[in-house]
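J.: The numbering used here applies: residue 77 is where the sequence shown begins, and numbers increase by one.
For every residue, glycine included, the Cβ atom is placed at its ideal position computed from N, Cα and C.
Computed from a predicted model, the values in this text were never measured in an experiment.
Next up is a structure, given as C-alpha cells.
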Amino acid sequence: MIRLQLAGCSGGIGGSGRQTTSYLLNDTVLIDAGTGLGTLSLEAMARIDHVVLTHAHLDHIACLPLLVDSVAAMRQAPLQVWALPEVIAILRAHIFNNQIWPDFTVIPDAAHPFLQLNALPADGLTLAGLHFAALPALHGIPACGYKVSSGNATLAFSGDTSDCAGFWEAVLALPTLTAVIVECSYPSTMASMADLSMHMHAGALAERLRALPTSTASVVIHRKPGFEEAIAAELSAALTGRDLRLPHPGEIYQFG
Ligand SMILES: [Zn+2]
Ligand SMILES: [Zn+2]
C-alpha cells in the first residue's frame, strides 16, 4: 500500500491553493521539498526520515533547508537526502555552503550530523518498505523521475521533464503500473513556452496518456499558476473514460 499525500503539487505559488512539489509517501519518505512541505505540521515534518529529490530547481527544494533547521532538535537520526550524484553536488555547492544556509552535514559535528546527502545507488534503494528507482527525464539540468513500488502498487513519477521518450518507454515496460504522477505545466497554446522551459504541455501529454492501459490512474501535477483550468479542460476533453485526476495541494490518495 502506498499512501500519497500531495502536500504541494502546483507549478508555482499564489494563495493557499498553490504550493510547489512535495509528496509525502507513507508518512516517512518525501519526494521533493517544495513549498508544500511547509504546510505539514511540525510533528509530521519530524517524522520524515528520507527526502528523495528529482532535481535541484528551487520549486522542488525550497523548503529542504528550512526542514532540517526546524526538526533537527526533535530527531534522533540524521535526515537522509537521496538524489542523482550531480544533484547532490549542486546542493553542496549552492545551498548547504555556509553562505546560503549552514552546512548541516557537519553540524553539530561530522560524526553526528543533522543531515546526510547521499548519491542514489544506480540500482535504486528501498526506504520504509518502498523501492525507489530513477526513471529518465529531460529538463536541461540533472533530473530524473522515480518508479516507486510497494508489494501491491507501482507508481511512476515524471519529475519535471519535457516529452521524454525514455520515460514513457520505461513506464510502458513495467509489468504493472498503478498510477503515473506526471507534470503538465502548460496548455497546448503555450507549447513554445513548454519547449523552451523543458516542460510538458497538455497536447503532448494527452497523447502519451492515451497509450497507457485504461486501468492506470493519471495524476496530473505541476500546472503553472493561471493555466490550471485550461490544462484541465484540454486533458478532460482528450481523455474521456480514463482515470484522470487533477489534484489540488493537500489531497491524499491511497494505492494498493
Ligand atoms: Zn524544474
Ligand atoms: Zn518544477
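In terms of residue numbering, what span does the alpha helix (DSSP H) encompassing residue 273 cover?
T.: That run of the alpha helix (DSSP H) goes 267-273.
J.: State yes or no: is the C-beta of residue 97 nearer than 7 Å to some heavy atom of ligand 2?
T.: Under cutoff, so the answer is yes.
J.: Please enumerate, following chain order, all residues with a beta carbon closer than 5 Å to at least one heavy atom belonging to ligand 1.
T.: In chain order, the qualifying residues are 133 and 236.
J.: Tell me, which residues are paired with residue 223 by DSSP?
T.: Looking at the DSSP assignment, residue 223 forms a beta bridge with 209 and 232.
J.: Which residue from 100, 176, 267 and 258 puts its Cα closest to that of residue 211?
T.: Nearest C-alpha to residue 211: 258.
J.: On a CA-only basis, which of 288, 151 and 192 is nearest residue 232? Give me that one, please.
T.: Among 288, 151 and 192, the Cα nearest to that of residue 232 belongs to 288.
J.: Can you tell me which of the three DSSP states residue 200 falls into?
T.: Reduced to three states, the DSSP call for residue 200 is coil.
J.: What is the C-beta distance between residue 303 and residue 263, in whole angstroms, given that I count them as a contact (C-beta under 8 Å)?
T.: That belief holds up - the Cβ atoms of residue 303 and residue 263 are roughly 6 Å apart, short of 8 Å.
J.: Whether or not the segment 324-331 and the segment 78-86 are in contact is what I'm after, with contact meaning three or more pairs of Cβ atoms, one per stretch, closer than 8 Å; do they touch?
T.: Yes, the segment 78-86 touches the segment 324-331.
J.: Identify, in the order they occur along the chain, each residue of the same chain with its Cβ nearer than 6 Å to the Cβ of residue 81, setting aside the five sequence neighbours on each side.
T.: So the list reads 100 and 328, once near-sequence residues are dropped.
J.: Any idea which residues DSSP pairs residue 321 with across the strands?
T.: 295.
J.: If we count Cβ pairs, one from each stretch, closer than 8 Å, do we get three or more for the segment 115-124 versus the segment 163-175?
T.: Flag = no, the segment 115-124 and the segment 163-175 do not touch.
J.: Name the DSSP bridge partner or partners of residue 96?
T.: DSSP, once it has assigned bridges, lists 86 as partnering residue 96.
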